[in-house]
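Q: All you need for the working numbering is the position in the sequence shown, starting with 1, plus 359. One structure is given below, represented as structure tokens, and several questions about it will come after.
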Amino acid sequence: MANSGVFISFEGIDGAGKSTHIEGLAEAFRAQGRVVTLTREPGGTPLAEKLRAIVLNDTMDAMTEALLVFAARRDHLQQCIEPALARGEVVLCDRFTDATFAYQGYGRGFDRQVLSVLERWVQALPGLPEQALRQPDLTIWFDLNAELAARRLVGARHPDKFEAQPLEFFRRVVAGYAARAAEFPKRFARIDAAASREAVWQDVLDAVKSRGWLA
Ligand code: TMP
């Protein structure tokens, strides 16, 4: 029987430590014969990567930021995510729309109702049932408090526009993720990102295995 596509997003504040686990999960899926599309937001297509560079480096108001990340998302969905899911692949995406709610909505204080409207426009796609939006099948949320994340980021690469934000901004972003997780409890798997790397990896595996996608 052909595999059906699986869409998993990874969320958390900067410094929460998602990256190595995303790579590890890609390897685990490949080891079981699945084709994996590893991608990220903003980005994932040539156009969306150009928008990413602008969003991460240029100063702009929160609405402009929201419009650009959703423009990037539309292109990413159409050019990359939807075709990969149609081919039955596993799509592992470093951040998706929850990041827009957390960063632009809660972090920057932008109107979340407007974000919901943009979400409905951008994530309704040909081939999906009427009213249905493309959403991840699972969102793995690396939950870490802002203080610990900031300590982990000290001495790391040159910070981009978001990484350079004050602690208070990241406290709001964490609250934003918590609110999204409470709103969508079935889709979210919360992982304690303050735990050891091994414990975090085990939790990531458990979240995926409990859904039957990995043996
Ligand atoms: P990262 O890929 O290194 O995590 O960087 C992406 C940055 O962009 C991160 O600081 C979060 C931010 N971001 C938003 O502000 N809104 C969004 O919708 C997305 C996807 C990311």
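Note that CB positions come from ideal geometry on N, CA and C, so glycine has one too.
For the putative contact between Ala-458 and Ala-375, defined by C-beta atoms under 8 Å, what is the C-beta separation to the nearest angstrom?
A: As a position in the sequence shown, residue 458 is number 99, starting the count at 1. As a position in the sequence shown, residue 375 is number 16, starting the count at 1. Actually they do not touch by this definition, with Cβ atoms about 12 Å apart.
Q: Can you check which of these residues, Arg-539, Ile-413 and Glu-448, is closest to Ile-499 by C-alpha distance?
A: Numbered from its first residue, the sequence shown carries residue 499 at position 140. With distances taken between Cα atoms, Ile-499 lies closest to Arg-539.
Q: Taking just the CA atoms, how far does Thr-396 sit from Leu-426?
A: Within the sequence shown, numbered from 1, the residue matching residue 426 stands at position 67. Within the sequence shown, numbered from 1, the residue matching residue 396 stands at position 37. Near 25 Å, if we compare the C-alpha coordinates of Thr-396 and Leu-426.
Q: Decide yes or no for the touch test of the segment 522-538 against the segment 367-387: beta carbon pairs closer than 8 Å, at least 3 of them.
A: Because the criterion of three Cβ pairs below 8 Å is met, the segment 522-538 and the segment 367-387 touch.
Q: Please report the distance separating the alpha-carbon of Lys-377 from that of Trp-560.
A: Reading the sequence shown from its first residue, position 18 is the one you call residue 377. Reading the sequence shown from its first residue, position 201 is the one you call residue 560. If I take the Cα positions, the gap works out to 10 Å.
Q: Taking all protein chains shown into account, do 16 or more other C-beta atoms lie within 10 angstroms of the C-beta of His-435, making it buried, or fewer, making it exposed?
A: Translated into the one-based positions of the sequence shown, residue 435 becomes position 76. Classification of His-435: buried, given that the 10 Å Cβ count is 16 or more.
Q: What does the Cβ neighbour count give for Ala-558, buried or exposed, with the cut at 16 atoms within 10 Å?
A: On the sequence shown, residue 558 is found 199 positions in, with the first residue counted as 1. Classification of Ala-558: exposed, given that the 10 Å Cβ count is below 16.
Q: Which complete alpha helix (DSSP H) runs does the segment 487-534 hold, if anything under 4 residues is left out?
A: You should have 505-512.
Q: Residues bridged to Glu-336 by DSSP?
A: Residue 336 cannot be examined here, being either before or after the span of the chain that is shown, 360 to 574.
Q: Any heavy atom of the ligand TMP closer than 7 Å to the CB of Glu-522?
A: Walking along the sequence shown from the start, residue 522 turns up at place 163. At least one heavy atom of the ligand TMP is nearer than 7 Å to the Cβ of Glu-522, so yes.
Q: So for Met-360, helix, strand or coil by DSSP?
A: By 1-based counting over the sequence shown, the position of residue 360 is 1. Bear in mind that a pLDDT of 48 at Met-360, under 50, signals an unreliable position, so the model cannot answer this.
Q: Which residues in the same chain have their Cβ closer than 6 Å to the Cβ of Pro-467, if we skip the five residues on either side of it in sequence?
A: Counted from its first residue, the sequence shown places residue 467 at position 108. The sequence shown places Arg at residue 467, not Pro. Around Arg-467: Ala-421.
Q: Where do the ends of the beta strand (DSSP E) carrying Thr-379 lie?
A: Counting from 1 along the sequence shown, the entry for residue 379 is found at position 20. Where Thr-379 is concerned, there is no enclosing beta strand (DSSP E), although the alpha helix (DSSP H) it sits in stretches over 378-390.
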